[in-house]
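Read the structure below first, then the notes.
Residue numbers (this note's numbering): 124 to 542.
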């Protein structure tokens, strides 16, 4: 639920800007200086400077949830006062709807996100367990390993939010391990914090040069360690999200989506599991842009991304593949089961009504599905799902089709022609 503190004349503008979040509950709230706030719990609050004494209101609201302030005052002193009032973000008029929705999704996702995941690498089991307990008590998930080999096994299985490691270890030391980690593009954004008894300044600098983000000398204060790990991990997670995600929808971008697809296919190869890939394309999207303009087209794209995110499982992986095309990786799901899931999303999306300057319209999407059992490589499964998507378009659009095993790829020119 999102609290709206704004003049009555502005409420419709805010509702319109937030229409790409069809499942968000918007609650207009009244407030007078000195009055108490509503007792209801909100995930976020939007305050505009059309209300009386907005900074005083922001200071009160910020004690309970993230606050976004909408204003037309760009002065430095006002920005400083907003900061001191606990404001998390400031948007200026004319309001950028995409930026507003992006901020809300990011803050709501942060409140509902999984716990931070920390990998501890130290051959001193007593110290490693001590760190692990302190981090776990702070609400983090911790895995402890005592060799570089074991660390890479964990990294290949799942990417942690931060790696905490010693420098002085037998066999492969911490600096060598960090260099090996940084050799892979996939691990470049994972922060590494060294906690070591190493006193040599040259070695400490080597640790930073070859991959370390922080160097803490033993013995380390546990409260300081926990605070530093949380700060580094959360900041890296935010930056990684910005780099890996599409700016319009907040979904994984094209390259990151394909990386995740490759990772899940490799997991299926190792474990014998199965995934399904859905390729989704908004029907007649060019007509929407031509008729209503690209801003409305952007709103439709955001609405589909929000609908998919709300309707699918948290473990499913959604990406914006390009333009009006989306990809969904359904984990541990066979194509026929995935068909029922995606088709339900298709029906839900077709029920959404859009408003373009008083002209109301709806749209739909078509989807093609393929499974990893018959398409074990990234190229194979994408081509098979895209072929099924083409068949859905050719069959009349607004439908979901599973690729038969014999389906072959279709050229990009053919696909573009039918959309």
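Heads up, the beta-carbon is just placed ideally off N, CA and C, and yes, glycines get one too.
Just to confirm before moving on: does the CB-CB distance between residue 169 and residue 148 stay below 8 Å?
Contact: no.
Rounded to whole angstroms, what is the Cα-Cα separation between residue 426 and residue 139?
Taking the straight line from one Cα to the other gives about 12 Å.
Measuring CA to CA, which of 406, 226 and 131 is closest to residue 166?
Of the candidates 406, 226 and 131, the one whose C-alpha sits nearest the C-alpha of residue 166 is 226.
I need the straight-line Cα distance from residue 388 to residue 309, nearest angstrom please.
Their backbone Cα atoms lie some 16 Å apart in a straight line.
Assuming residue 380 is part of the alpha helix (DSSP H), what are its boundary residues?
Taken as a continuous stretch (DSSP letters only), the alpha helix (DSSP H) holding residue 380 covers 377 to 394.
Taking the straight line between their C-alpha atoms, what separation do you get for residue 543 and residue 478?
The displayed coordinates of the chain run from 124 to 542. Any statement about residue 543 would go beyond what the structure contains.
Cutting at 8 Å between CB atoms, please list the residues of its own chain near residue 283, excluding the five before and the five after it.
Cβ within range, chain order: 240, 241, 242, 266, 277 and 313.
So, using beta-carbon positions, are residue 180 and residue 211 closer together than 8 Å?
No, the pair does not count as a contact, with Cβ atoms beyond the cut-off.
Between residue 372 and residue 326, which are expected to be in contact by the criterion C-beta below 8 Å, what is the C-beta distance as a whole number of angstroms?
Not really, about 45 Å apart at Cβ, beyond 8 Å.
Under a CB-based cut-off of 8 Å, is residue 137 close to chain B?
Checking the listed chains, one finds no chain B in this structure; it contains a single protein chain.
Exposed or buried, which one is residue 428 when buried takes at least 16 other CB atoms within 10 Å?
Classification for residue 428: buried.
Identify the continuous beta strand (DSSP E) that holds residue 450 and give its terminal residues.
Taken as a continuous stretch (DSSP letters only), the beta strand (DSSP E) holding residue 450 covers 448 to 454.
From the DSSP secondary-structure annotation, give me the bridge partner or partners of residue 482.
BP columns for residue 482 point to 479.
Ignoring anything shorter than 4 residues, give me the alpha helix (DSSP H) runs that lie fully in the segment 337 to 375, in order along the chain.
You should have 345 to 367.
What span of residues does the alpha helix (DSSP H) with residue 429 cover, start to end?
Looking at the DSSP string, the run of the alpha helix (DSSP H) that includes residue 429 is 417 to 434.
Mind checking who residue 151 pairs with in its DSSP beta bridge?
Its beta-bridge partners are 127.
If you draw a straight line from the alpha carbon of residue 200 to that of residue 186, how long is it in whole angstroms?
When rounded, the distance between both Cα atoms is 22 Å.
Roughly how many whole angstroms lie between the Cα atoms of residue 246 and residue 300?
The alpha-carbon atoms of residue 246 and residue 300 are separated by roughly 13 Å.
Looking only at C-alpha atoms, which of 315, 248, 347 and 454 sits nearest to residue 261?
With distances taken between Cα atoms, residue 261 lies closest to 347.
Which residue comes first and which comes last in the beta strand (DSSP E) that contains residue 170?
Looking at the DSSP string, the run of the beta strand (DSSP E) that includes residue 170 is 167 to 171.
Run through DSSP, which three-state label would residue 538 get?
Reliability of the predicted coordinates at residue 538 is poor, the pLDDT of 45 falling under 50, and the value obtained from them is presented with this limitation in mind. If DSSP states are grouped into helix, strand and coil, residue 538 belongs with the helices.
State yes or no: is the C-beta of residue 490 within less than 8 Å of the C-beta of residue 452?
Not closer than 8 Å, so no.
Just mark residue 321 as buried or exposed, buried being the case when its beta carbon has 16 or more other beta carbons within 10 Å.
The residue in question, residue 321, is buried, as its Cβ has 16 or more Cβ neighbours within 10 Å.
So for residue 250, helix, strand or coil by DSSP?
It is helical.
Is the segment 496 to 503 close to the segment 376 to 388, with three or more CB pairs under 8 Å?
The segment 496 to 503, when compared against the segment 376 to 388, does touch it at the 8 Å Cβ threshold.
So if DSSP puts residue 194 in a beta bridge, which residue, or which two residues, is it bridged to?
Paired residue(s): 215.
Following the continuous alpha helix (DSSP H) through residue 276, name the residue where it begins and the one where it ends.
Per DSSP, residue 276 belongs to the alpha helix (DSSP H) from 271 to 280.
Taking residue 334 as the reference, which of 324, 344 and 297 has the closest Cα?
For residue 334, the nearest C-alpha among the options comes from 297.
What is the DSSP secondary structure of residue 303, reduced to helix, strand or coil?
Residue state, collapsed to three classes: helix.
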